[in-house]
Every structure is written in C-alpha cells, then in structure tokens.
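Protein sequence lines, in the order shown, are assigned to chains P and L. Mind the numbering: the first sequence is residues 1 to 460 in full-length UniProt numbering, read in order. Mind the numbering: the second sequence is residues 1 to 460 in full-length UniProt numbering, read in order. All remarks here apply to the structure that follows.
2 protein chains.
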Amino acid sequence: MNLSNILNTLDTSSERHLDELCQWLKIPSVSSDSMHRSDVADAAKWVAEKLKKAGMATEILPTDGHPLVIAETPAVPGAPVALVYGHYDVQPAEPLADWISGAFEPTIRDGNLYARGATDDKGQVLTHIQSVCDWLATGEPLPLQIKFLIEGEEEVGSENLERLLPGLSDRLACDCVVISDSSQYAKDKPAITYGLRGIATYELEIRGPSQDLHSGSFGGAVMNPAIALCHLLSSIVDSKGRIQIEGYYDDVQELSAAERTAWSNLAHSDEAFAKEIGVDALFGEEGFTTNERRWGRPTFDINGLTSGHQGEGVKTIIPAFASAKISFRLVPNQDPKKLTKALQAHIDKHLPTGVKVTLSPDHGAAGMAADPQSRYAEAASRAIESAFGTPPVLIREGGSIPIVSRFQDVLQCDCLLLGWGLSDDKPHSPNEKFCVQDYHRGIKASAMLWAELGSLRKGV
Amino acid sequence: MNLSNILNTLDTSSERHLDELCQWLKIPSVSSDSMHRSDVADAAKWVAEKLKKAGMATEILPTDGHPLVIAETPAVPGAPVALVYGHYDVQPAEPLADWISGAFEPTIRDGNLYARGATDDKGQVLTHIQSVCDWLATGEPLPLQIKFLIEGEEEVGSENLERLLPGLSDRLACDCVVISDSSQYAKDKPAITYGLRGIATYELEIRGPSQDLHSGSFGGAVMNPAIALCHLLSSIVDSKGRIQIEGYYDDVQELSAAERTAWSNLAHSDEAFAKEIGVDALFGEEGFTTNERRWGRPTFDINGLTSGHQGEGVKTIIPAFASAKISFRLVPNQDPKKLTKALQAHIDKHLPTGVKVTLSPDHGAAGMAADPQSRYAEAASRAIESAFGTPPVLIREGGSIPIVSRFQDVLQCDCLLLGWGLSDDKPHSPNEKFCVQDYHRGIKASAMLWAELGSLRKGV
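Put into structure tokens, the structure is as follows:
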C-alpha cells in the first residue's frame, strides 16, 4: 500500500472534491416535502453514479419512501469490514428570506461553504466517498472492504431503513459502522463521539368539559384541564431538575470516574456557554457539570404546550383541553419501553379528578455507548491526528441518532462517530455551513482511517 | 295610576313588541368589528328613536368609541329614581356556518327567538324600554323617574363608559340601577341576582434561551421555560383547588349561614350539572357546594397556555419561551389591585433559575354584593312574582359585570339584576336565543316594577 501516493492524489483533487460537493448540494433533496420527490431521487442517483463510476457494486434500493443507496468495494479476507452510513436528504430550507446566499446555491464565504446539507450530511458523508473513490482510482487495492449505506429519510425518522435493516443484515454485515454526521468539540478540536443519548417522546392530552366554559359561570366548580396539566407535568420533575418517575434512575449507567476526569479537562466555560444560548444562568441536576448534564444524564423536557386562548387579549374560559409535547433523553442502558410503562404508572398515580388523561407515545430509541478505547476507536484516533494535526478528544453527545443503536443491535458491530462539523454549523437553520478546510481534512482523515482499520486483523 | 289599563295595553301590543325586537336584531351591531361601525351607529339610532318617540328627553352621546344613548322621563319629586342600564352592541356571530337560521335574520322556533343579541342584550333591555314607552303611551304619569343608559361597548369592555361615568354622575343620579342582562335560575324559576364575582386577569410570560434550543445538545443544562411555567402555575393553586398566594383569602367575604341555607334549597343536581358540561366528576374547593363554589368563592383559572411546538408530530426543542393567560374570580371585598401585588410577590418568591418572568396585569374589577333584602329587591320580587306567577329565587352569579360595581361606587346606588334569560341561551355562541314568553313576561314584570318602586318613598 502506497499511502503517500493516495494522499498525494487527494491533495491534487481538492478543487474537484469541492466542485462535486457543490453539484450535490445544488439538488434540493428535501425529504419531508413531496414537492421535492424527484429532487430527492436525483440526489440518490447522483451519489449512486459517483460510487458506481469508481467501480463499486452499487444499487439504488427502493423503499416505501425514498430509496437507499448501497455500494461496496471487494471483500478483503482477514480484514475487518467497515460500513459508512450517511444520508443524502436534507432539512427544509425555510425561512428562505433568512439565507444570505441561496440555500441551494452553494457559496463560499470566509472559508465556509454555505448551503442546505453542507454539513448535514452531504458534505460530511462525501468525505468518505471521496477517500474511497480516489483510493480506487489510484489502482491501489483497499486494505479492507468498505460498504456504503446512504439513505434518503434521515431527516424524517429513518422509518423505512429501520424496517428493512434486519433483512439487509447479511448484505450490510460489518465490524464497524463509520458515521460522520456530528461535530468536532470545537474549532480545531476534532472529536470521537463514543456515546449518544436515547430518546422517548410523547404527547400528553388532558380533556375536561366538552367545550370551553365561561370561567365566571363555572370557575371553581370544575377541574381546569390546563391546571391539571401543569400539576401533572410538575409532578414529573421537581424544582431541582430531578425526575420523579418511580425507578427512572434505576437503569442509568453512571458516569465513570475516568470519563468525568477526561471531560473536566476539556476546555469549557459555563459563562461563555450561558452567553451563547442567551441565558443569565445555567440550570441542571445538582452534582454534575454542564457537559455531564448534556451528555451523560437523562432529562425531561416539555417541547410544547397548547391550551385555550392563545391570541391577543383576554378570553376568560376554562379550556376544554390542554396538551403537551414532552420528551426524555435517555442514557445508555435505559429502555424507552420501560419508561413508557413507568410514565403511565406515574400518570395513573397522579391522576387529577374530573379530567381524562391520554398519553400517546411517539417514538423511542435507546442511547448508544461505544468503547472509546476499542481498537477501532484507537485506529480512528490515529487517523484523525494525522489529518488534523491534533489528537481527537473523546466525548459523548446529548442528541440521539436512533439508527445507531439499531446498527449495534442488528449488525452486532462497533460504531465510530467521527464528526467533522462545528457546533455553529446550523444544520437545521438558515445559513447552514461546512468549513472547507474541515471538508478536506475529513477526506484525508477518512483515507488514513481505511489504512489504519486495514492494518487490524478481523476479530482479533 | 290605572295599572290594569297599562297591563292591558302591554297584552294587546305583544305582536308589535316582538316585531320591534326583530327590527333591532336585524341590525348587526358587532362592536368589536370596525366593518360594522355604521351598523352599531344604526342600532344606537334605532333605540334612541324609540325612546324619543315615546316622549322621553333623549340624546345620542358620542364617545371615543361607540355612542351612549341616554334618555329620561320627567322627574317625580319624592319618588326614587331608577336607571335602566343595557347595551345595544352584540358579540360577533362567527362561526356563521353553525347558525341554523341567520344570525341577523331573527327566526322563531319552538317558542324561542333565534338571533345574535336576542338575549344579550337587545331582547332583555327592550323589556324595560317597552314597558316605559307603553306606559307613557297610555297617558298615565309614571310614578317615578326612569332614566336609560344604553351603551354600545359592553362586549368590548365598556372602557369609554367607565371613563365618562364620573362626569355623568349628576345626569345619571339614581337610587337604583336596573339591569336585565343575565339569567333566570332555571326555566320558570326567575331570579334576582344580588352578587357578582370580580375579576383580575394577567398574562404570565417566561423567557429562557434567546431561541429554541435542540433538546439533545442542551437538555439537562438549561432551565426549560415551559417546565418553569408549569412549576410556577402549580405553585399558585394546590391539587385540592386551594389558592396558595399569601393572604389570598384574607379579605374574602365569607358566605352567611342564611345564604348557604337558601342556596341549598335551590333545585340542583351535581350529576345533571356534570353531564351538562360533559365531565365525569365535578371538582372544587373542599367544604363547599357547587353553587357556593361558582357564586361565592374566589378562583384561579388558566385560560390559555402557549409554548414551543404546537403542530403535528415531534420537535425536540427547549422552547425559548412559555406563556399563560390566567384569571382570578374575586368575591366581594377582595381588591384586584391588592391581588396584583400579592401575585407578584408570590412569583418573586417562587422564581425559577435561569429564566425571566414577566407578569402583565390586564384588567381588574371588584365583585358586587347587593342586599337581597333591600326594599328595592323586595319590590322587584313582588313585580316578578306577579308577572311570572312564582316568586324569584335569590342567587349570586359567578361571572363579572365590571360596570356594576362602578355604578355602585360612582352613583352610590343600589342595584337590581333581573335576568330574564336562561342558562342555555348561548349568548356568545351560534344560535343565541331568547324565550318569547319570557320576553313578554319580562315586559310585564318591568311595568309592575315601576309601579312597585313608585310606591316607595325616596330615601326612606
């Protein structure tokens, strides 16, 4: 394997790499919008074509929704198999007026490429595609088999992929999934994310009288559903942020002393963090730092409240109903199904009089924990250090990528989350961006990763 | 005074009475809608014309909004003065599709007249106008002076009348205000309402981060404004319906043993009441009956809740803000201004960390208590018994008519609330109605009332 030859090819191709990313970004593949159905299909075709031209066995696999793009390089006996997962669909670009340059007109300003999908996820997944395609173009054999699974419904919940995954388990069999759909810890501080929180979301509805009542004629004699909702929601979490559902903390994987020490050594300022989000003071569970609260502790949040009169002025009614959207972030080892039972039991126990309460679970996913000291993680660490000039920090993230724990379950594989983005990339907002330098460093790190992983023997 | 001659005139005029009410109801005098400005003016002209034609000194008094119609019969030395208050404006008729017959096409079905304003308040106030006009038409002198104050902004808060009232105090000077803008206790159970609750309304807003945050990346590390709102609202009232603001019950006028006994003798079924409003069980302050809770106890209600994601599906955010519309019904002797101070102190004491709380008072009005055994009330009772064939019951109502306590304060007068409506008249909803028989009985009771009040000597 002549790695310097490969790295040299990458260096001399950087203009084409950027040009190709721009081509892909120009396709408005908004998966949630049926008006963009053919654009989504075009984005799938674009990437399938790219993979196929490089010589990979490639298929566009239809689903009930948008298709999966699956490709693979030849098998390499004795070496591990890597599966690159990413997505070619993007979030809606609205509000369009807030974009400085067009959402689907990729534009470079101050070293950043601005476009919807630049960081989430076209730019990031393309780093791995470029590294593999260019490697193959040199004529050098890859030191391991690499498979690609690029889906078109990540932004709308990956339901079709989740359903099809068990049936694809042979075809996608791998030792390690590689995903670049997250962020570095900070500018020039690349990270390996070895944990994600799970999630459980619900809608809680409280119905009282059959219609809004006059609060003068009826007030005092009937339970107000909005008051019942506030009491019920307040019973779920105390004023110190501690969740009161029986058994909620029983399965929580406690933070190890080692990772608490490691995280405490990460550059972090509570003051700067509070300023960034626009609050005077932070708030969270006692006895934990901000990063511990975000990455390693379970939460309860109210995502929305709706009841009664919401317009201007006064309408003195007892609302017929009140509802809340609520969600929990779970840490590894907490089971969303178990939570649903415990939450229902909590509600039954705290049921107010004279109203009907309905809890509707929406979706749930377990958290993910990988071993940050695994040989795959260590290989990734070396690759990233080579490309970025600094070793990656080991972090967890507070968000959830439900498909990741499904990969672990179904494919029984390890998982590497290698984020090339930055926390201010605004992946779901106007003016989404991706740092051009990080795109190129990501491609280089990816190539180094194949070399590092290829040097490992399978199953050792 | 030849009362039988007058009653006879009323009897023979019933067709015209109904016809005139229909004329008035056809004018869509929706005070809140600027598109109906000239209709509102026409409704004022219609009633002014009616009063003037009967020989009364009548004026249409402009205000910054819709005009007041003021009229009076000649002074009668030694006799008390009665002031009839009512309003010619109506609520919007929307949703129009829900009306069986047109909102401004008065239609009789099953003995009821259906139209916007039928009961609230054109039909009810017209009973007093008809009785006085017909009395004057007989040539008999009225045994007391009667003044009319018919406004066009009751449905939008009576602000101009409130402002002008002190300057009109000489002109409107009276011993007793007569208002028919409420309901009988039940069908064929006329009532004298001797108490109303006051009101205080507020908007409560809690602001957290400067924009909605991703609940994965930030959840657990920042106060969720919607949770803070639920905690704060829950702190205002306990799960038994007891309000927790310090001193809230200090000024509450307790119910007398006599009125509790009287109310307990009123026909009432909790079961039927619950069924009517569509709940399985009633709820309220311990130790009080349903009517006591509605009429004689102060309350706290949430009228609306707004925060975060309210559309379909899931959006896992920490909302930037959460707000509530809240209101209190006050009993006589509670001061809305004092409540505002106590509520602000309560909020300051229960202030959550990391969010900003703003309390904005909207409007406040004291409750009203009249003496149900006053000579005016007893005169009204005799008049109603003559017209309805059954003596009225003595009740309070849970709603608030802010102008009533202003009349008491500014004019230093007694107050008679004589409701001819029924609780299912739907005054602010589609298919508003007024029982035709009650319209005619109301006119008769009104005439008898003038005879009864006229027999009292002023100030005795």
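Ideal Cβ positions, reconstructed from N, Cα and C, are used throughout, including at glycine.
The beta carbon of Phe218 (chain P) falls within 8 Å of a beta carbon belonging to chain L, placing the residue at that interface. At a beta-carbon threshold of 9 Å, none of the residues of chain P lie near Cys415 (chain L); the nearest stands roughly 17 Å away. The Cβ of Met223 (chain L) sits closer than 8 Å to at least one Cβ of chain P. Between the C-alpha atoms of Thr390 (chain L) and Gln184 (chain L) there is a straight-line separation of about 12 Å.
A straight-line Cα-Cα distance of about 33 Å links Gln23 (chain L) and Asp170 (chain L). Within its own chain, the residues whose Cβ lies closer than 8 Å to the Cβ of Asp42 (chain P), once the five positions on either side in sequence are excluded, are Ile27, Ser29, listed in chain order. Cβ-Cβ separation between Leu10 (chain P) and Asp134 (chain P): approximately 6 Å, consistent with a contact (criterion under 8 Å).
In this structure, DSSP gives Cys435 (chain L) an extended state, which the three-state scheme calls strand. Excluding the 5 residues flanking it on each side, Phe104 (chain P) has same chain C-beta neighbours closer than 8 Å at Leu25, Lys26, Ile27, Pro28, Ala93, Ala115, Arg116, in chain order. Inter-segment contact for the segment 175 to 189 of chain P and the segment 118 to 126 of chain P is present: three or more beta-carbon pairs are separated by less than 8 Å. When C-alpha distances from Gln253 (chain P) are compared across P:Ser235, P:Glu292, P:Leu233, the shortest belongs to P:Glu292. Chain-ordered listing is empty here: chain L has no CB closer than 9 Å to the CB of Asp121 (chain P), the nearest sitting near 16 Å.
Of the residues assessed, Ile100 (chain L) falls on the exposed side of the cut-off, its CB having fewer than 16 other CB atoms within 10 angstroms. Nearest C-alpha to Ser264 (chain P) among P:Val393, P:Pro143, P:Val357, P:Ile401: P:Val393. Within 10 angstroms of the beta-carbon of Gly152 (chain L) lie 16 or more other beta-carbons, which makes it buried.
Interface flag for Ile347 (chain L) against chain P is unset, since no Cβ pair is found closer than 8 Å. Taking C-beta separations shorter than 6 Å and ignoring five residues to either side along the sequence, the partners of Asp120 (chain P) in its chain run Pro427, following chain order. Sorting P:Ala447, P:Arg457, P:Lys458, P:Ser455 by C-alpha distance to the C-alpha of Ser4 (chain P) places P:Ala447 at the top. For His363 (chain L), the C-beta contacts it makes with chain P under 8 Å involve Val314, in order along the chain. Close to Gly284 (chain L), with beta-carbon spacing below 8 Å, are these residues of chain P in chain order: Gly220, Ala221, Val222. With respect to Glu285 (chain L), Arg382 (chain L) sits apart: the two C-beta atoms are not nearer than 8 Å.
CA-to-CA, the gap between Ala387 (chain L) and Pro141 (chain L) works out to about 21 Å. In this structure, DSSP gives Ile443 (chain L) a helical state, which the three-state scheme calls helix. In the pairwise beta carbon analysis, the segment 287 to 306 of chain P is classified as touching the segment 219 to 231 of chain L: at least three pairs are separated by under 8 Å.
Burial of Glu432 (chain L) is indicated by the presence of at least 16 other C-beta atoms within 10 angstroms of its C-beta. Neighbours of Gly198 (chain L) across chain P, judged by C-beta separation under 7 Å, do not exist; the nearest C-beta is about 10 Å away. In terms of beta-carbon proximity, His268 (chain P) stays away from the interface with chain L, with every pair separated by 8 Å or more. In terms of beta-carbon proximity, Asn303 (chain L) lines the interface with chain P, with at least one pair separated by less than 8 Å. Three or more beta-carbon pairs drawn from the segment 324 to 331 of chain P and the segment 201 to 209 of chain P are found closer than 8 Å, and the two stretches are therefore classed as touching.
If you ignore the 5 residues before and after Ala262 (chain L), its C-beta comes within less than 7 Å of the C-beta of Leu394, all in its own chain and listed in chain order. The C-beta of Leu96 (chain L) has fewer than 16 other C-beta atoms within 10 Å across all chains shown, which makes the residue exposed. Counted as a single uninterrupted DSSP element, the stretch harbouring Ala118 (chain P) is not any beta strand (DSSP E), since DSSP gives it neither H nor E.
Contact note: His214 (chain L) reaches chain P through Gly399, using a C-beta cutoff of 7 Å and chain order. Excluding five sequence positions before and after Val237 (chain L), the CB atoms of its chain that fall closer than 7 Å to its own CB belong to Ile243, Gln244, Phe300, given in chain order.
Beta-carbon to beta-carbon, Val81 (chain P) and Asp175 (chain P) are separated by about 5 Å, close enough to satisfy the 8 Å threshold. Here Tyr85 (chain P) is bridged, per DSSP, to P:Leu149, P:Ile179.
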